[in-house]
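Novice: The sequence shown begins at 1 in the UniProt record's numbering and counts up by one.
Below are the structure tokens for one structure; questions will follow.
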Amino acid sequence: MGTSINFNLILSDPLKIMALVCGVIIVKFLVLALTGRLARLSFDQNLLFSVSLAQVGEFAFVLFSFISQLGILSVEWTDTMMGVTTLSMTATPLLLLINERVLLPRFGTREKVETTADEIDLHYPVIIAGFGGFGSTVGRFLRANGVQATILDNDSDRVELLRKMGFKVFYGDATRIDILKSAGADQARILVAAIGTPDINADLMQKARNLFPHLTIMARAEHTTEACDLLDMGINDIYRETLDTSVRLGVDALVKLGFRRYSALRSGQNFIRYDEAALCRLAPHRHDESDYIYSVREEIENQEQLLTSDREINPAMNDHAWDSDILRDEFQNRG
């Protein structure tokens, strides 16, 4: 390979050669970076992938040799491209060094500094494990009603932010037994399991059930499948994230379509009650797809029939039952 490289040509016009080398590396780096982005590589992985393959490959020597033999390009251009290929390959170790010493430290993902768990000096009847969107809403509601909670979260950045907002949040891994004990799990009455990662949340509940059986566990579930898994664990107080919010939207949609608010609210409450009962019946069937699908279809039909029956049996669902918004509007119009 070395005998086919025209070093005299490289030395005669080094600026041109270096410009071509840089151009090839930059273009190939950008193409590889886009490919890595489409493949959903992490930033650090994509950077290493793009830098390590940015040089011209060895197959170029074979390709340019055939091009030279067939006379497709002039000898000068073939020798130039052979030189560019060689120099780009030679630059690979330097590029990897730049990536490791310059690019990754400056632009790469920084490792979080390990933070030691806080010493917990407040003990309340309620422990909230996980103070993200779900847990923080529960905590704010309880505090607004005069009920304080011991709050644990394992995200140091979130803990710092919440403290700035005025929350007393303790940094610590709630799945650790010593952390739970220091949070007062021996005396607490309720554990709100609201950790965002389902597996970690389940691990917390399993440990709490085994070591603190007196605790009432109130569990967050992201979706129906997770709720079924929690039922299998013996958790009864399960709260699916989207159920109440979705039904609230449906209730408001009915009101905007002309339904009386009382009727819509009552229908929404009945729907939630039927859906939670259906969840318990569906859980044993979820491991058999065909059986599960059949059971779901059956439950949906039952829910619709029950709601229809409620409207027909209960006259208050269809009459001019209370609707504070409409009553207020009518009173204002009369005034």
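Even for Gly, the Cβ is constructed at its ideal location relative to N, Cα and C.
All of these numbers come straight from a predicted model, not from anything done at the bench.
1) Could you tell me which of Ile200, Leu211 and Gln206 sits nearest to Asp186, measuring between CA atoms?
2) Can you check whether the CB of Met205 is closer than 7 Å to the CB of Ala221?
3) Which residue's Cα is closest to the Cα of Gln55: Arg40, Leu96 and Leu63?
4) Of the residues Ser65, Ile5 and Thr225, which one's Cα is nearest the Cα of Ala283?
5) I need the DSSP call for Leu73, collapsed to helix, strand or coil.
6) Nearest to Glu301 by alpha carbon, out of Ile10, His285, Arg286 and Phe271?
7) Can you name the start and end residues of the beta strand (DSSP E) that Ile128 belongs to?
8) In the DSSP assignment, find the unbroken alpha helix (DSSP H) run with Val169 in it and report its ends.
9) Tell me, to the nearest whole angstrom, how far the beta carbon of Met81 is from that of Phe66; I am working on the premise that it is less than 8 Å.
10) Using three-state DSSP, classify Leu152 as helix, strand or coil.
11) For Thr175, which three-state DSSP category applies?
12) Could you check if Leu70 is buried or exposed, using at least 16 other CB atoms within 10 Å of its CB as the buried criterion?
13) Touch check for the stretch 15-27 and the stretch 86-93: three-plus C-beta pairs under 8 Å?
14) Does the CB of Phe271 have a neighbour CB from chain C at under 7 Å?
15) Is the number of C-beta pairs between the stretch 177-184 and the stretch 145-159 that are closer than 8 Å three or more?
16) Arg286 bridges to which residues according to DSSP?
17) Would you decide whether Cys280 is buried or exposed? Buried here means 16 or more other CB atoms lie within 10 Å of its CB.
18) Can you give the Cα-Cα distance for Asn145 and Glu289, rounded to whole angstroms?
19) So if DSSP puts Arg220 in a beta bridge, which residue, or which two residues, is it bridged to?
20) Counting pairs of beta carbons, one from the stretch 253-266 and one from the stretch 229-243, are three or more of them closer than 8 Å?
21) What do you reckon, are the CB atoms on Ala120 and Phe170 nearer than 7 Å?
22) Among the residues of its own chain, which have a CB less than 8 Å from the CB of Gly108, if the five just before and after it don't count?
23) Just grab the DSSP bridge partners of Pro193 for me.
24) If you compare alpha carbons, which of Val251, Asp275 and Arg261 is closest to His223?
25) Going by beta carbon distance, what residues of the same chain come within less than 6 Å of Asn201, once the five residues before and after it are set aside?
26) CA-CA distance, Ser246 and Ser50?
27) Quick one: is Val102 buried, meaning 16 or more other Cβ sit within 10 Å of its Cβ, or exposed?
28) Less than 8 Å between the CB atoms is what I'm expecting for Ala208 and Leu231, so what's the real figure, rounded?
29) Mind reading off the beta-carbon distance from Val138 to Ile128? Whole number of angstroms is fine, and I expect it under 8 Å.
30) Helix, strand or coil, according to DSSP, for Gln187 in the structure here?
31) Which term fits Val113, buried or exposed, when burial requires 16 or more other beta carbons within 10 angstroms of its beta carbon?
32) Tell me which residues share the same chain as Lys168 and place their Cβ nearer than 8 Å to its Cβ, disregarding the 5 neighbours each side in the sequence.
33) Along the chain, where does the alpha helix (DSSP H) that runs through Gln206 open and close?
34) Could you round the C-beta distance between Asp118 and Gly172 to whole angstroms and report it? I think they count as a contact, below 8 Å.
35) Using DSSP with H/G/I as helix, E/B as strand and the rest coil, what is Leu122?
Specialist: With the structure as the only source:
1) Comparing Cα positions, the closest option is Leu211.
2) Not a contact, by the Cβ cut-off of 7 Å.
3) Here the closest residue by C-alpha is Leu96.
4) For the residues Ser65, Ile5 and Thr225, the minimum Cα distance to Ala283 belongs to Thr225.
5) DSSP, read as helix, strand or coil, puts Leu73 in coil.
6) Across the set Ile10, His285, Arg286 and Phe271, the C-alpha of Phe271 shows the shortest separation from the C-alpha of Glu301.
7) Val126 to Ala129 is the span of the beta strand (DSSP E), which, as asked, contains Ile128.
8) Unbroken run through Val169 is the beta strand (DSSP E), Val169 to Tyr171; no alpha helix (DSSP H).
9) No, Met81 and Phe66 are not in contact; Cβ-Cβ is about 12 Å, not under 8 Å.
10) DSSP places Leu152 in strand when its eight states are reduced to three.
11) Here Thr175 sits in coil by DSSP.
12) Classification of Leu70: exposed, given that the 10 Å Cβ count is below 16.
13) Result yes; three or more Cβ-Cβ pairs closer than 8 Å.
14) You won't find chain C in this structure, because it holds only one protein chain.
15) These segments touch.
16) BP columns for Arg286 are empty, so no partner.
17) Here Cys280 is exposed. Its C-beta has fewer than 16 other C-beta atoms within 10 Å.
18) Between Asn145 and Glu289, the C-alpha separation is close to 44 Å.
19) According to DSSP, Arg220 bridges with Tyr239.
20) The stretch 253-266 is not in contact with the stretch 229-243.
21) One detail in the question is off: residue 120 reads as Ile in this sequence, not Ala. Contact: yes.
22) Shown here for Gly108: same chain residues with a beta carbon closer than 8 Å to its own, the five before and five after excluded, namely Phe43, Asp44 and Leu47 in chain order.
23) The sequence given here has Ala at residue 193, not Pro. DSSP output for Ala193 lists Ala129 and Ala219 as bridge partner(s).
24) For His223, the nearest C-alpha among the options comes from Asp275.
25) Around Asn201: Ala193 and Ile195.
26) Distance from the CA atom of Ser246 to the CA atom of Ser50, rounded to whole angstroms, is 44 Å.
27) Counting Cβ neighbours within 10 Å, Val102 comes out exposed, since fewer than 16 surround it.
28) The beta carbons of Ala208 and Leu231 sit about 16 Å from each other, so the pair does not count as a contact at 8 Å.
29) Taking the Cβ atoms as the reference, Val138 lies roughly 6 Å from Ile128, within the contact range of under 8 Å.
30) Coil at Gln187, not helix or strand.
31) Legend: pLDDT at Val113 = 48, less than 50; position of this residue unreliable, no value from coordinates given.
32) Within the same chain, Cβ atoms closer than 8 Å to the Cβ of Lys168 are found at Leu122 and Ile151, the five residues on either side in sequence being excluded.
33) DSSP places Gln206 inside the alpha helix (DSSP H), whose first and last residues are Pro198 to Leu211.
34) 6 Å between Cβ atoms; contact.
35) Three-state result, Leu122: coil.
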